[in-house]
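Engineer: If you read the sequence shown in numbering that gives the first Met the number 0, its first letter stands for residue 0, the second for the next number, and so on.
Next up is a structure, given as structure tokens.
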Amino acid sequence: MRIAQISDFHFTKLTWNPARLFSKRVLGLFNWVVCRTHAFSEEVVDELPDLFKELGVDHVLLGGDFTTTALEEEFKIARRFVDKLPAPWTAIPGNHDVYTYRSQRKKVFYRFLENETPGEFGYSLKKDKVEVRRLEGSYWLVALDVSRATNLYSSRGFFSEEVEEKMKIALSLIPKEDSVIVCCHYPFFQHDAHRRTLKRGEALRKVLEGDRRIKLFLHGHTHRHTIADLQPSDLPVVLDCGSCAQKDRASWNLIDLNEKGCTITTYRYKDGWKPFDVEEITWTL
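In structure tokens:
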């Protein structure tokens with residue numbers, strides 16, 4: 000199976016409506032105008048659907064932060080992009096997709112990007128914050144929604160006790176001989192500034208350590224492309240695909256799965272999307 004892992008699009012629509020700016024959104028738009036407006040490109044992202052078709056991608060994992068401040072106009076841009084994808088897709092929200100308390104309360108993300116086919120075992124991200132999907136062969140996908148609206152200076156996620164319990168139950172329903180991919184917007188490590196980390200990330204790590212079927216942990220959020228084979232530490236292979244929209248270091252991962260492992264091809268953007276590096280991984284867990 001061939002999977003494309005992409006994340007952190009940050010589609011942006013500026014607004015000067017005072018009613019909309021009376022929230023954390025004013026900080027987000029100020030940061031965009033001052034720091035990010037020249038660093039991100041929709042044109043770079045728009046080239047991906049045709050490339051995915053050319054590469055024969057079977058499934059696209061969309062790792063969140065579709066928007067900058069969770070405006071409906073931004074979600075509409077994201078939806079237009081998703082509608083161009085040539086393969087089935089699974090989307091999870093990032094912290095920018097629940098940027099204000101109102102956008103979280105109204106579940107605006109799920110109005111535009113709710114996964115179109117139901118998950119296995121009756122789980123759905125919108126209802127349970129956990130979703131299970133059978134992929135091809137012996138592979139399963141467990142997607143998590145750990146993003147939440149926060150105060151003005153925080154972008155922390157939260158792996159709550161409720162999500163932890165539902166994730167454990169969902170994992171118990173997957174055949175013992177099969178393999179699992181976990182997709183989450185946040186890394187479980189606490190290496191970033193405290194205000195950007197995942198609350199109870201250590202609890203998520205314990206779930207990952209306790210299940211040898213979990214082969215890959217896919218995340219975004221940091222905008223730093225990373226491949227880390229943590230199998231010697233009883234953890235899965237960790238893939239941060241970086242941001243697919245950041246001009247100077249745009250990246251994403253092409254993952255070719257087989258029974259014994261996977262091949263990870265990193266794509267970077269420089270006068271077009273080009274393969275940058277290839278890494279072969281063998282499952283040892």
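Heads up, the beta-carbon is just placed ideally off N, CA and C, and yes, glycines get one too.
Please read these numbers as outputs of a predicted model, since none were measured by experiment.
Taking only runs that begin and end inside the stretch 91 to 178, name each unbroken alpha helix (DSSP H) of 4 or more residues, in chain order.
Structural biologist: 100 to 104, 107 to 112, 124 to 127 and 160 to 172
Engineer: Identify the continuous alpha helix (DSSP H) that holds residue 202 and give its terminal residues.
Structural biologist: Reading the sequence shown from its first residue, position 203 is the one you call residue 202. Counting along the chain, the alpha helix (DSSP H) containing residue 202 begins and ends at 200 to 208.
Engineer: Take residue 114 as the anchor and find which of 100, 91 and 48 has the nearest alpha-carbon.
Structural biologist: The count along the sequence shown starts at 1 and reaches residue 114 at position 115. Considering only alpha carbons, the answer is 91.
Engineer: With burial defined as no fewer than 16 other Cβ atoms inside 10 Å of the residue's Cβ, what is the status of residue 62: buried or exposed?
Structural biologist: For the purposes of this step, residue 62 is taken as residue 63 along the sequence shown, with counting starting at 1. So residue 62 ends up on the buried side.
Engineer: So for residue 48, helix, strand or coil by DSSP?
Structural biologist: The residue given as residue 48 occupies position 49 in the sequence shown. Correct three-state label for residue 48: helix.
Engineer: Assess, as a yes-or-no matter, whether the stretch 61 to 79 is touched by the stretch 182 to 190 under the definition of 3 or more beta carbon pairs within less than 8 Å.
Structural biologist: Flag = yes, the stretch 182 to 190 and the stretch 61 to 79 touch.
Engineer: With distances taken Cα to Cα, identify the nearest neighbour of residue 266 among 193, 154, 156 and 275.
Structural biologist: The sequence position of residue 266 within the sequence shown is 267, counting from 1. Considering only alpha carbons, the answer is 275.
Engineer: Spatial neighbours of residue 8 within its chain, please: C-beta separation below 7 Å, excluding the five flanking residues on both sides.
Structural biologist: Here residue 8 is taken as the residue at index 9 of the sequence shown, counted from 1. These residues qualify, in order along the chain: 44, 64, 65, 77, 243 and 244.
Engineer: Beta-carbon of residue 237 versus every beta-carbon of chain D: anything under 8 Å?
Structural biologist: This model lacks chain D altogether, as it is built from one protein chain only.
Engineer: Taking Cβ positions, are residue 191 and residue 219 nearer each other than 8 Å?
Structural biologist: Stepping through the sequence shown from its first residue, residue 191 is reached at position 192. Stepping through the sequence shown from its first residue, residue 219 is reached at position 220. Not a contact, by the Cβ cut-off of 8 Å.
Engineer: On the three-state DSSP scale, how would you describe residue 4?
Structural biologist: Here residue 4 refers to the residue found at position 5 when the sequence shown is read from its first residue. In the structure shown, residue 4 sits in a strand (DSSP, three-state: E or B).
Engineer: Are the stretch 154 to 173 and the stretch 116 to 125 in contact at 8 Å, needing three or more beta carbon pairs?
Structural biologist: yes
Engineer: To the nearest angstrom, report how far apart residue 98 and residue 147 are at their CA atoms.
Structural biologist: To locate residue 98, count along the sequence shown from 1; it is residue 99. To locate residue 147, count along the sequence shown from 1; it is residue 148. Using only the alpha carbons, I get a separation of about 8 Å.
Engineer: Could you say which of 271, 70 and 260 lies nearest to residue 289 if we only look at CA atoms?
Structural biologist: Only positions 0 to 284 of the chain appear in this structure, which leaves residue 289 out of reach.
Engineer: Do residue 256 and residue 2 count as a contact pair if the criterion is CB distance below 8 Å?
Structural biologist: Numbered from its first residue, the sequence shown carries residue 2 at position 3. Numbered from its first residue, the sequence shown carries residue 256 at position 257. Yes. Within cutoff.
Engineer: For residue 189, does the three-state DSSP call read helix, strand or coil?
Structural biologist: Along the sequence shown, one-based indexing puts residue 189 at 190. Reduced to three states, the DSSP call for residue 189 is coil.
Engineer: Compute the Euclidean distance between the alpha carbons of residue 131 and residue 270, then round it to the nearest angstrom.
Structural biologist: Taking the first residue of the sequence shown as 1, we reach residue 131 at position 132. Taking the first residue of the sequence shown as 1, we reach residue 270 at position 271. Cα to Cα, the separation comes out at about 37 Å.
Engineer: Between the beta-carbon of residue 212 and the beta-carbon of residue 177, is there less than 8 Å?
Structural biologist: For the purposes of this step, residue 212 is identified with residue 213 of the sequence shown, where counting begins at 1. For the purposes of this step, residue 177 is identified with residue 178 of the sequence shown, where counting begins at 1. Yes, the pair counts as a contact, with Cβ atoms nearer than the cut-off.
Engineer: If you follow the beta strand (DSSP E) that residue 277 is in, where does it begin and where does it stop?
Structural biologist: Numbered from its first residue, the sequence shown carries residue 277 at position 278. Segment 272 to 281, the beta strand (DSSP E) holding residue 277.
Engineer: Look at the alpha carbon of residue 67 and the alpha carbon of residue 104, and state the distance between them as a whole number of angstroms.
Structural biologist: Translated into positions along the sequence shown, residue 67 becomes position 68. Translated into positions along the sequence shown, residue 104 becomes position 105. If you take the alpha carbons of residue 67 and residue 104, they lie about 17 Å apart.
Engineer: Please tell me whether residue 52 and residue 111 are closer than 8 Å, where the distance is taken between their beta carbons.
Structural biologist: Position 53 of the sequence shown holds residue 52. Position 112 of the sequence shown holds residue 111. Taking 8 Å as the Cβ cut-off, residue 52 and residue 111 do not qualify as a contacting pair.
Engineer: Report the three-state DSSP secondary structure of residue 214 (helix, strand or coil).
Structural biologist: Counting from one through the sequence shown, the residue named residue 214 turns up at place 215. The answer is strand: DSSP assigns residue 214 an E or B state.
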